[in-house]
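First residue of the sequence shown? That's 2 in our numbering, and the numbers climb one at a time after it.
All C-beta atoms in this analysis are idealised placements derived from N, C-alpha and C, irrespective of residue type, glycine included.
Computed from a predicted structure; not experimentally measured.
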Amino acid sequence: MPLTSPILPARDAPSPSSEPSTAASLESLFRPRSIAVVGASRRPESVGHAVLRNLVTGGFQGPVFAVNTRADVVLSMPAYRSVAALPQPVDLAILVVPATAILAAVEDCRRGGVRAVIVLSAGFAETGAEGAALQDRLTAAVREAGMRMVGPNCLGLLHTDPAVSMNATFASTPVRSGRVAMSSQSGALALVILEYAREFGLGFSSYVSIGNRADVSSNDLLEYWADDPLTDLVLLYAESFGNPGHFSRLARRLARRKPILAVKSGRSLAGQRAASSHTAALAGSEAGTEALLRQAGVLRMDTLEQMFEAASLLAHQPLPAGSRVAIVTNAGGPAILCTDACAGDGLSLPELSPATQAALREFLPPAASVTNPVDMIATADAPAYARAVALLLDDEDVDALIVIHIPVRREEAALMAAAIRAGRAAARTGAAKPLLTCMLSEAGSGTMEAEAARGGAAGAPEVIPNFRFPESAARALGVACRHTAWLARPEGRVPDLAGLHVEAARAACDAALSARGEGWLRPDEVGEVLAAFGVPSLPTRLCRTPDDAVAAAARLGWPVVVKLASDTLVHKTEWKGVHVDLRDERAVRGAWDAIRATLAAAGRQAEMLGVTVQPFATGGVETMIGLTRDPSFGPLVAFGLGGTAVELFGDVVFRITPLTDVDAEEMLGSIRARKLLTGVRGGPPVDRAALADVLLRVARLAELVPEVAELDLNPVRALPEGQGVAVLDARILVRRP
Ligand code: ADP
Ligand code: MG
């Protein structure tokens, strides 16, 4: 039976939970017919009062019941002693009772026939071991009763579909309806998030604060939103991923139809495990998240602010077809800032067509610049903006337009906004290309016209996102372009690799594990594993005596390299254990003696198994290929610049497995030093196909030989195109899976 990775099932494996049932099970949360607030309070400042008030003032479309053990009336509504005592069964109960009373409340809900609960109460896993134990009991009770649960320790859930119109949160911020869905793990940040969204003119289809996500997770929500006709864009604020493999499959599928923006807070997942290989040291705890999100097509943002900036563009404007942007301005400074930022965000400023330039020249003063960025200078009036916007949008070499305006007088802002709209309407390309503004006069970022943003009704003008700073506009557009590029990227496939001898590789690892337990393989064992997976290594002879070494050198041919062989001292350079370009017997014996002497001086000579002898390799580019295993993300394959200073440069990228041919090629193009691979200073390009092949083989090794815990191939000499690659040095750490 073929083995797959213990953590990440094969890419196209069926998902563990069948989707229709997950989405269906969430209906009672998103579309309840009736709601009870358990712990509804008479005190206006309390959570139990706020949520009841929000449900009523938000216009929930079904009946709402107040449950209070003492009061008879809450918020002018008759209150009931228990859910079971309500005059009719309810679909959803919102629990705002102290943690100590939660199990009794769930039992009451069960008796009352409730299908789902939202637990706003805190005092669970976020408080420590005791709270975590209570949370486990809560979750068990909820599952036992066949209910779904959001929370505990959350802000609640909001669903703006007019047929439901449910604000089951205790937030005081009014929320606008729209086509953005959001899941937030942090209850505390939820309030800030709603404020931000408002500022950026974003309207929500639904918003779920999942809190401690004891039951409903962001994975469940991704399933729900995938088929939600009211949602076009998904925002995630996550602290961790419960089931990364499942997330990856769901997100990858969803992102094809609806962009996903995510802020993942930096909290370490993997913890601080002592890392012994270069790959593991370089991976840290962030590499898995980065790789997971990138491969799934999720647009990762560093901050909430950046997420909302990008969201205001993606929610309101079409995706750009490409990365060519035109800028029009009435002031030079902000346009220069914007131009620089565009370059940094992977956007380009194309030359405008001669026709566009001539048409601009017709109405702009001689001092104006009609090349990109178009500087209409301070005298530019509203009609000039309107004409320029139309012309630039219609230029065939332009995919997106950023309009910058510094008002000379305050009252100009509204005029300009109208002119920009008029220009857009006059363009032949109409609303097909994204338009962003940077109206520096406006109080803040958000939408160009607050009026327009409040629209959403039929016939209301479209929302044009406005940015406080030109750099923010460029950054948001860069994100949109990244998504366009991801959508255009072929999915790739996990190719069949010739000559994999899985059993031989496992046998070599197993023999070492049985003999010596967890640890580093000896050079000869490393050679067996790599040979079994068809990884092209330099001939490497393990020699136990100086005479052996001399004989091996003679057989391999001069010059040779002699290295310390040890299964404990694996960073050889640190032990002065690498002697290159040795041209005769005397040099080989000298290298042996020198290595011995260094170890003897440190009292470690017993750890010298002997030396390895290799041919001396010249030419090519030193790269590294590695493998490590992340406790939550599974195998991570690394590619980077190689040599003895890899950790110093940290120029490494990671991907999760399974790795496709497209992933592998993308890795080669993602390191900072990627130009080294295409040939520098007249040098020939390296053999990319051979490098990609080794990456794919290492990824397969990760999946098929679980005993390999960590692996460094460093350096991997990438030779000129057609000449392949050669692994000069390899170490493998084995551990029982
Ligand atoms: P370690 O990583 O344990 O310090 P390596 O075997 O990687 O030891 O050797 C250190 C450096 O020596 C390599 O990065 C490479 O530049 C050089 N080197 C190693 N083996 C050879 C070889 N066979 N031919 C040429 N240079 C080599
Ligand atoms: Mg090395």
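Inset, instruction - To the nearest angstrom, report how far apart Ser6 and Arg736 are at their CA atoms. - result: Residue confidence for Ser6 is low, a pLDDT of 31 falling below 50, so the modelled location carries little weight and cannot support an answer.
Legend entry - DSSP-derived helix/strand/coil call for Thr599: Three-state DSSP puts Thr599 in a helix.
Inset, instruction - Answer with buried or exposed for Ala459, where buried requires no fewer than 16 other C-beta atoms within 10 angstroms of its C-beta. - result: Only weak support exists for where Ala459 lies, its pLDDT of 38 falling under 50; the value from the coordinates is given anyway. It is exposed - the Cβ of Ala459 has fewer than 16 other Cβ atoms within 10 Å.
Inset, instruction - Use the C-beta contact count for Asp228: other C-beta atoms within 10 angstroms, 16 or more gives buried, fewer gives exposed. - result: Classification of Asp228: exposed, given that the 10 Å Cβ count is below 16.
Inset, instruction - Leaving aside the five residues before and after Asp398 along the sequence, list all residues of the same chain whose C-beta is less than 8 Å from its C-beta, in chain order. - result: Excluding positions up to five away in sequence, the list reads Arg325, Pro351, Glu352, Leu353 and Ser354.
Inset, instruction - Work out the CA separation of Ile36 and Thr140 for me, nearest whole Å. - result: CA-to-CA, the gap between Thr140 and Ile36 works out to about 20 Å.
Inset, instruction - Might you give, ordered along the chain, the residues of its own chain that have their beta carbon closer than 8 Å to the beta carbon of Thr767, omitting 5 neighbours on each side? - result: Any property of residue 767 remains undetermined from this structure, which presents the chain solely from 2 to 738.
Legend entry - Alpha-carbon spacing of Ala383 relative to Arg425, whole angstroms: Straight across, the Cα-Cα distance linking Ala383 with Arg425 is about 13 Å.
Inset, instruction - State yes or no: is the C-beta of Pro716 nearer than 7 Å to some heavy atom of the ligand MG? - result: Pro716: yes, Cβ under 7 Å from the ligand MG.
Legend entry - For Ala191 and Gln136, believed in contact at Cβ under 8 Å, the rounded distance: Taking 8 Å as the upper bound for CB-CB distance, Gln136 and Ala191 are not in contact here, some 19 Å apart.
Inset, instruction - Just mark Lys434 as buried or exposed, buried being the case when its beta carbon has 16 or more other beta carbons within 10 Å. - result: By the neighbour-count criterion, in which a residue is buried when 16 or more other Cβ atoms sit within 10 angstroms of its Cβ, Lys434 is buried.
Legend entry - Nearest-angstrom Cβ-Cβ length linking Val75 and Ala41, presumed shorter than 8 Å: Ala41 and Val75 do touch by the CB rule: their CB atoms are close to 5 Å apart, below 8 Å.
Legend entry - Distance CB(Leu436)-CB(Val404) smaller than 8 Å: Between Leu436 and Val404, the C-beta spacing is below 8 Å.
Legend entry - Contact set for Arg689: own chain, Cβ-Cβ below 6 Å, skip 5 residues either direction: Closer than 6 Å at the Cβ level, and outside the excluded window around Arg689, lie Leu669.
Legend entry - Residue burial classification, Lys676 (beta-carbon count within 10 angstroms, cutoff 16): Exposed: under 16 other Cβ atoms inside 10 Å.
Inset, instruction - Could you tell me if the beta carbon of Glu397 falls within a distance shorter than 7 Å of some heavy atom in the ligand ADP? - result: Remark: the C-beta of Glu397 is outside contact range of the ligand ADP, defined as less than 7 Å to any heavy atom.
Legend entry - Environment of Leu734 [buried if 16+ CB atoms lie within 10 Å]: With 16 or more other Cβ atoms within 10 Å, it is buried.
Legend entry - Cβ shell of Arg301 (< 6 Å), same chain only, five flanking positions each side left out: Contacts found: Ala263 and Leu294.
Legend entry - Ala322 to Asp400 span [Cα, whole Å]: Answer to the nearest angstrom: the Cα atoms are 6 Å apart.
Inset, instruction - May I ask you to verify whether the stretch 142-152 touches the stretch 112-123, counting CB pairs closer than 8 Å and requiring at least 3? - result: Enough Cβ pairs lie closer than 8 Å, so yes.
Inset, instruction - May I ask you to report which of helix, strand or coil DSSP gives Phe201? - result: Phe201 carries a coil assignment under DSSP once its states are collapsed to helix, strand and coil.
Legend entry - Proximity below 8 Å, CB of Ala316 to CB of Leu203: Yes, they are a contact pair.
Inset, instruction - Going by DSSP, name the residue or residues bridged to Asp713. - result: Within the DSSP secondary-structure output, Asp713 pairs in a beta bridge with Gly627 and Arg732.
Inset, instruction - Please classify Asn792: does DSSP put it in a helix, a strand, or coil? - result: Absent from the model: residue 792. The displayed extent of the chain is 2 to 738, so no value can be given.
Legend entry - Residue nearest to Arg257 in terms of C-alpha spacing, selected from Ala311, Arg483 and Ile194: For Arg257, the nearest C-alpha among the options comes from Arg483.
Legend entry - Alpha-carbon to alpha-carbon, Ala94 and Ser22: A direct Cα-to-Cα measurement between Ser22 and Ala94 gives close to 21 Å.
Inset, instruction - With DSSP as the reference, please indicate the residues paired to Gln615 in a beta bridge. - result: Beta bridge pairing from DSSP links Gln615 with Val562.
Legend entry - Nonlocal neighbours in the same chain, by C-beta distance under 7 Å from Ser308, ignoring five residues either side: Before going further, note that residue 308 is Met rather than Ser in the sequence given. Cβ within range, chain order: Leu236, Leu262, Val264 and Met302.
Inset, instruction - Counting only the same chain and skipping the five closest in sequence on each side, list residues whose C-beta sits under 8 Å from that of Ala499. - result: Closer than 8 Å at the Cβ level, and outside the excluded window around Ala499, lie Gly535.
Legend entry - Pairwise C-alpha distance: Ala379 and Leu1: Beyond the ends of the chain as shown, which are 2 and 738, falls residue 1; an answer cannot be given.
Inset, instruction - Please report the Cβ distance between Ser178 and Ala117, rounded to the nearest whole angstrom; I am assuming they are in contact, meaning their Cβ atoms lie under 8 Å. - result: With 8 Å as the limit, Ser178 and Ala117 do not qualify as a contact, their Cβ atoms being about 22 Å apart.
Legend entry - Euclidean distance between Cα positions of Arg253 and Ala486: Just so you know, the alpha carbons of Arg253 and Ala486 end up roughly 14 Å apart.
Legend entry - Length of the line joining the Cα atoms of Gly723 and Val706: Gly723 and Val706 have their alpha carbons spaced roughly 29 Å apart.
Legend entry - Nearest-angstrom Cα separation, counted from Pro547 out to Pro560: So the alpha carbons of these two residues sit roughly 16 Å apart.
Inset, instruction - Return yes when at least one heavy atom of the ligand ADP lies under 7 Å from the C-beta of Pro351, else no. - result: In this structure, Pro351 has its beta carbon at no less than 7 Å from each heavy atom of the ligand ADP.
Legend entry - Thr161, DSSP secondary structure in three states: In the structure shown, Thr161 adopts coil according to DSSP, grouped into three states.
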